[in-house]
Amino acid sequence: MTQATERLDNEAVTPEEEAQILDSVRKWLARDVKPYARQLEHDDVWPAEMVEQMTELGLFGATIRRAYGGLGLGASTYSRIVTEVAEVWMSLSGIFNSHLIMASAVQRFGTEQQKSRYLPQFASGTLRGGLALTEPDCGTDLQAIRTRAVHDGEHYVINGTKTWISNGIHGHCVAILVKTQDIEPRHKGLSMFVAEKGPGFTVSRKLEKLGYKGIDSAELIFQDYRVPAANLIGGVEGKGFVHTAGGLELGRINVAARGVGVATAALKAATGYAQIRKTMGKPIHQHQAIALKLADMATRTEAARLLVEQAARAYDDGRRCDMEAGMAKLFATEAALENATEALRIHGAYGYSKEMDVERYYRDAPLLCIGEGTNEIQRLIIARQLIERNPV
Ligand SMILES: Cc1cc2nc3c(=O)[nH]c(=O)nc-3n(C[C@H](O)[C@H](O)[C@H](O)COP(=O)(O)OP(=O)(O)OC[C@H]3O[C@@H](n4cnc5c(N)ncnc54)[C@H](O)[C@@H]3O)c2cc1C
1 MTQATERLDN EAVTPEEEAQ ILDSVRKWLA RDVKPYARQL EHDDVWPAEM
51 VEQMTELGLF GATIRRAYGG LGLGASTYSR IVTEVAEVWM SLSGIFNSHL
101 IMASAVQRFG TEQQKSRYLP QFASGTLRGG LALTEPDCGT DLQAIRTRAV
151 HDGEHYVING TKTWISNGIH GHCVAILVKT QDIEPRHKGL SMFVAEKGPG
201 FTVSRKLEKL GYKGIDSAEL IFQDYRVPAA NLIGGVEGKG FVHTAGGLEL
251 GRINVAARGV GVATAALKAA TGYAQIRKTM GKPIHQHQAI ALKLADMATR
301 TEAARLLVEQ AARAYDDGRR CDMEAGMAKL FATEAALENA TEALRIHGAY
351 GYSKEMDVER YYRDAPLLCI GEGTNEIQRL IIARQLIERN PV
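For the sequence shown, the UniProt record's numbering assigns the number 1 to the initial residue and increments by one for each residue that follows.
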């Protein structure tokens, strides 16, 4: 499905409905998440109750078309939800976002049979999962993947290892990128399948992380795992790289939206603390060194928000937006990292304490610069687009 047809479908959602959904999410965050997030994160506990609540709110179907039981939200509203959730606890946004990137591969590129089989289950959260691209020896260079699928009658047999897979432990399935042929160019030998857990598909270990706790990141092993040939997304071999690239614009807008959430949280914490902490007889925001930091943090946050809105609007309008999504991802995630660092410094020793949330922002933010294409790669994409769009 093209972005334009996605947009038409999503026009069924009225602004009033969107406002209502946003309002429900805000109330849920204030009531059921904010009071508990710090402890759950500290203990690195998978938030089962919150996942249940996210299911009830429809978040696992947020961008899935209404025809398949989803909320049918466009990128603009969805990215606002992601920002709000990430402002309270970034890991929660990862749980439904990774799932929706998997769903988006089926929604945009799946056969009718695959859509009607999987999308309602994805939308209701009965079948949750993520996207399995990365391997121990490759992340950025996906064309170098080694996990292989060999056609065998009604099935393909998959062997290989995937790593860093979000929702890998608690999810039920993944959209997996595999090699089906050794050909040049290499990307034409890649295919994508929906792989449900079963014999031969095992979780070998949970990966321990600096931040982004609560959500499970896992290494997955596929050993003579048999996936039905009917699960080859789109029904044709060799399209896996296209399916992956097709989800990147939206994926990058969503990571950027998370960046705005973390940048906002850090800004709010610093703005509040700077008014109550006094040194030399006055609140620290009255010291110019701190005031300048706050001004820069606020400006970065607003600029990031506008870049995300611009990219999401372009996406919803069906316009090509790889440059806009890349800029939003680059700027918003660096803004999150800078704001988190400055918030920690403004809090002095308390910023280093486990009793405050700013240390969590400081641990969560760097991930945003790595996922969905590192920020080094975003710069390369932006530069390439710049030249392509401005030939002399
Ligand atoms: C918490 C977490 C969750 C994740 N979730 C998932 C998931 O759900 N599914 C999934 O598939 N993956 C996931 N990943 C993996 C993530 O997508 C990869 O880590 C990312 O793509 C980078 O790949 P890499 O780590 O192999 O780094 P590499 O590709 O080895 O890159 C190393 C460094 O070299 C730079 N570099 C690489 N190539 C170039 C180039 N051509 N030009 C300039 N610089 C370059 C990179 O920017 C980086 O700084 C997750 C990772 C983490 C940490």
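Quick reminder that beta carbons are idealized off the backbone N, C-alpha and C, glycines included.
None of the values given here were measured: they were computed from a predicted structure.
- Sequence-distant partners of Lys34 (beyond 5 residues in either direction) whose C-beta falls short of 6 Å from its own C-beta, in its chain, are Val88.
- By the criterion of a C-beta distance shorter than 6 Å, Gly171 is surrounded in its chain by Arg128, Gly129 and Gly130, once the five residues flanking it on both sides are discounted.
- Per DSSP, Ala75 has no beta bridge partner at all.
- Between Ile215 and Ala325, the CB-CB gap reaches or exceeds 8 Å.
- Measuring C-alpha to C-alpha distances from Ser98 to each of Asn167, Asp364 and Ala144 identifies Asn167 as the nearest.
- Across the set Tyr68, Ser93 and Ala328, the C-alpha of Ser93 shows the shortest separation from the C-alpha of Ala37.
- Excluding the 5 residues flanking it on each side, Glu237 has same chain C-beta neighbours closer than 6 Å at Thr180 and Ser191, in chain order.
- Proximity of the beta carbon of Lys179 to ligand 1 is not indicated: no heavy atom of the ligand is located closer than 7 Å.
- Around the C-beta of Leu210, fewer than 16 other C-beta atoms lie within 10 Å, and the residue is accordingly described as exposed.
- Assignment of beta-bridge partners to Ser24 by DSSP yields no partner.
- By the Cβ test, the segment 107 to 127 is in contact with the segment 218 to 234, since at least three Cβ pairs between them sit closer than 8 Å.
- In the three-state reduction of the DSSP assignment, Glu219 falls in the strand class.
- Residue ranges of uninterrupted alpha helix (DSSP H) with 4 or more members, entirely inside the segment 87 to 143 and ordered along the chain, are 112 to 124.
- Inter-residue distance for Val51 and Gln121 is about 15 Å (C-alpha atoms, whole angstroms).
- Straight across, the Cα-Cα distance linking Leu220 with Ala335 is about 32 Å.
- Taking the Cβ of Gly171 as the reference point, every heavy atom of ligand 1 lies at 7 Å or farther away.
- At least one heavy atom of ligand 1 lies less than 7 Å from the C-beta of Tyr212.
- Secondary structure at Asp296: helix, using DSSP grouped into helix, strand and coil.
- Boundaries of the beta strand (DSSP E) harbouring Leu190: Leu190 to Glu196, taken from the DSSP string.
- Taking a cut-off of 8 Å for Cβ pairs, the segment 332 to 348 and the segment 364 to 374 touch, as three or more such pairs fall below it.
- Of the heavy atoms belonging to ligand 1, at least one sits nearer than 7 Å to the Cβ of Thr140.
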